[in-house]
Amino acid sequence: MEIGCFVSCLCGWILVCSTLPTEYWTFSEVGSIVLTTSNYYSNLWRDCISDTTGVSDCKDYPSMLALPVFLHACRALAVCAVITGFFGGVLTLIGMKCTKIGGSELANSRVTFAGSVTYLVSGFCGMITYSWWANRVISEFVDPNFRAQKFELGAAVFIGWGGSLLLISGGVVLGYFSGKEGLKPRYMLHLLTFHVFI
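All letters in the sequence shown, in the order written, are residues -19 to -1, 1 to 179 by mature numbering (1 follows the signal peptide of the UniProt record, and there is no 0).
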């Protein structure tokens, strides 16, 4: 069970990591003439444009201070998802029964539980990032008063949702089983002291 949850969380973390350099968070296609179309796409870090000849031109956002708060928050949450997912993997590897790195079985299960909580934090950071981004894009797309270029959801958002879901589901199952084992001795100790007291 531990190995399956770890593989699930690792795959989710890799998917979340793969979305950061991906440029297709949003895209828009504008057809000007029959033979030429312009594709606009962007991500957390830059805007790009390409045409039917395959030539693309990307430009980083010009100013950090001029960016909206929403974009700063999405960047911070995405980076937090990657960092906490990495530490979740390290903690889970140390605490797994099959690795024999940690100390006692009780200590290993508690380290694994800490790793599962870290995976959960990573998954929720990612889910908030992609859902917030998607909400912003969809609300601008359906708003009739929004006059700027309208975008649609890109592949990176769907990949990020899938990765975040893997992180959350793997973290929940891993936390359930490791938490049950990590709390069992303490629960038994409370029962023993209760019986001795009576």
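Using N, Cα and C, we set each Cβ at its ideal position, and we do this for glycine too.
Taking cysteine 39 as the centre and dropping the five residues before and after it, the same chain places the C-beta of Arg27, Cys29 closer than 6 Å to its C-beta, in chain order. When only Cα atoms are considered, glycine -16 and leucine 147 end up about 11 Å apart.
Within the same chain, Ala137 come within 6 Å of threonine 3 by CB-CB distance, once the 5 residues on both sides are set aside. Annotation: valine 123 to glutamine 130 spans about 12 Å, alpha carbon to alpha carbon. In this chain, the beta strand (DSSP E) harbouring arginine 27 covers 27 to 32. Scanning its chain for C-beta atoms nearer than 7 Å, with the 5 sequence neighbours on each side dropped, one finds around glycine 69 the residues Cys(-11), Gly96, Thr99, Tyr100, Ser103, in chain order. The continuous alpha helix (DSSP H) containing cysteine -15 extends over residues -18 to -1.
Segment contact: the stretch 111 to 125 against the stretch 88 to 95, fewer than three CB-CB distances shorter than 8 Å; contact not assigned. The beta carbon of isoleucine -6 is closer than 8 Å to those of Gly144 in its chain, skipping five residues each way along the sequence.
The stretch 28 to 107 is shown to contain whole alpha helix (DSSP H) runs of 4 or more residues at 50 to 76, in chain order.
For the options Ala47, Gly84, Ile64, Asn20, the alpha carbon positioned closest to that of leucine 1 is the one of Ile64. Counting C-beta atoms within 10 angstroms of its own C-beta, cysteine 55 has 16 or more neighbours from the protein chains shown and is therefore classed as buried.
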